[in-house]
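**Q**
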Amino acid sequence: MPTFQDVSKKTYIGLIAIHCPICNVLNHIDNMTWYSSDNWVLDRTIIKPHTNILSLFEDGDITYYSPEKNIIWEPQCSLNSTIIRTSSEDGNIALFRSLSQLEDCFMIRLQEKENVFFTFWGKKNNSKDQRVIQYISNDTKNEFYQEGVLLNFENPLYYERKKKKDRINKDIIVEYMSYLGWYISEDTFWVSNRDSYLDIRTFPVATDL
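See the structure below:
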């Protein structure tokens, strides 16, 4: 069985997490007209209970445009909450902001190879306020960035560390998510007792240019 530690070292992981029942989340998504429209073609399939979600990840599975893959499930270790694993390289900000209308919503992005980035993003229900903590490293920049008011579980001493890469990293994100009740480093986070869903959104390419 693949583990979070192993998969996160080689594969992009973008997650949206919300303390809201999966039925409510699916209903909200299905009522977003832009999610499935005349332009975007949506194919939804059911994932059987007790499937290891990590086993569905593919190395380098990150999408800049199309197709976009979203896996939606309720973790065994956090009932009545919903996780969405998205292949979208920006963490699917549009979906994240829309879901934050339901409940407080959080987004993380982990990429440890090639272009390295660690992002923790929180947004309160029906609020324009958002909290972003991010580290990015690639051929052109090595940057730490934060925006918004500290959340009550954050450790501001982390952000005073000398090395930018130590101010926000995978271990810190795991700590923050655990405080919120999502134990992403544990196997039970990646398995559901009920049906999960795979949404593949594809933008048709014009062939008559």
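With my numbering, the residue at position 36 of the sequence shown is 45, and numbering never jumps. In this text, a Cβ means the ideal position worked out from N, Cα and C, and glycines have one as well.
1) Confirm the yes/no value for this check: CB of E169, any heavy atom of the ligand SAM, distance under 6 Å.
2) With a floor of 4 residues, list each alpha helix (DSSP H) that falls wholly inside the segment 82-165, ordered by position along the chain.
3) Under three-state DSSP, which class holds K78?
4) Return the first residue and the last residue of the beta strand (DSSP E) that I181 is part of.
5) Using the Cα positions of F126 and F66, report the straight-line distance between them to the nearest angstrom.
6) For R170, count the other beta carbons within 10 Å of its own beta carbon; 16 or more makes it buried, fewer makes it exposed. Which is it?
7) Comparing alpha-carbon positions, which option in N134, Q143 and N124 lies nearest Y168?
8) So, is V158 buried or exposed, given that buried needs 16 or more other C-beta atoms within 10 angstroms?
9) Take the Cβ of I80 as the centre, count every other Cβ of all protein chains shown within 10 Å, and call the residue buried at 16 or more, exposed below.
10) Note down, in chain order, each residue of its chain lying with its Cβ closer than 6 Å to the Cβ of D217, except the 5 sequence neighbours on either side.
11) Report yes or no: do three or more beta-carbon pairs, one from the segment 118-138 and one from the segment 42-62, lie closer than 8 Å?
12) Compute the Euclidean distance between the alpha carbons of S201 and I31, then round it to the nearest angstrom.
13) Quick one: using the 10 Å Cβ neighbour count with 16 as the cut-off for buried, is Y21 buried or exposed?
14) May I have the straight-line CA-CA distance separating G131 from L51, to the nearest angstrom?
15) Can you give the Cα-Cα distance for R106 and E163, rounded to whole angstroms?
16) List the DSSP bridge partners of V50.
17) In chain order, what residues of the same chain lie with their CB nearer than 8 Å to the CB of P11, ignoring the 5 residues before and after it?
18) Across the segment 34-48 and the segment 93-111, are there enough close Cβ pairs to call them in contact, namely three or more that are closer than 8 Å?
19) Name the DSSP bridge partner or partners of I25?
20) Our contact map puts G23 next to S97 with C-beta atoms below 8 Å; I'd like the distance itself, whole angstroms only.
**A** On the basis of the data shown:
1) No copy of the ligand SAM appears in this structure; indeed no ligand is present at all.
2) 102-108
3) Taking the sequence shown and counting its residues from 1, one reaches residue 78 at position 69. Here K78 sits in strand by DSSP.
4) Within the sequence shown, the letter at position 172 stands for residue 181. It is not in any beta strand (DSSP E) - I181 instead sits in the alpha helix (DSSP H) that spans K179 to Y188.
5) Numbered from 1 along the sequence shown, position 117 holds the residue referred to as residue 126. Numbered from 1 along the sequence shown, position 57 holds the residue referred to as residue 66. Straight-line Cα distance between these residues: approximately 18 Å.
6) Against the sequence shown, residue 170 aligns to sequence position 161. Flag for R170 reads exposed.
7) Along the sequence shown, one-based indexing puts residue 168 at 159. Out of N134, Q143 and N124, Q143 has the C-alpha closest to the C-alpha of Y168.
8) Here residue 158 is taken as the residue at index 149 of the sequence shown, counted from 1. Flag for V158 reads exposed.
9) By 1-based counting over the sequence shown, the position of residue 80 is 71. The residue is buried, with at least 16 neighbouring Cβ atoms inside 10 Å.
10) By 1-based counting over the sequence shown, the position of residue 217 is 208. Residue placement at D217 cannot be trusted, given a pLDDT of 45 that sits under 50; the coordinates are not used to answer.
11) no
12) Counting from one through the sequence shown, the residue named residue 201 turns up at place 192. Counting from one through the sequence shown, the residue named residue 31 turns up at place 22. Rounded to whole angstroms, S201 to I31 spans 11 Å at the Cα level.
13) Position 12 of the sequence shown holds residue 21. Per the 10 Å Cβ criterion, buried.
14) Counted from its first residue, the sequence shown places residue 131 at position 122. Counted from its first residue, the sequence shown places residue 51 at position 42. Approximately 27 Å between the Cα atoms of the pair.
15) Your numbering for residue 106 matches position 97 in the sequence shown. Your numbering for residue 163 matches position 154 in the sequence shown. Cα to Cα, the separation comes out at about 21 Å.
16) In the sequence shown, counting from the first residue as 1, residue 50 sits at position 41. V50 has T211 as its beta-bridge partners, per DSSP.
17) Reading the sequence shown from its first residue, position 2 is the one you call residue 11. Hits under 8 Å: N61, L63, S64 and F66.
18) Contact holds between the segment 34-48 and the segment 93-111, because three or more Cβ pairs, one in each stretch, are under 8 Å apart.
19) Within the sequence shown, residue 25 is the residue found at index 16, counting from 1. For I25, which the question treats as bridged, DSSP gives the partners I93 and M116.
20) Indexing the sequence shown from 1 puts residue 23 at position 14. Indexing the sequence shown from 1 puts residue 97 at position 88. Sure, about 6 Å apart at Cβ, within 8 Å.
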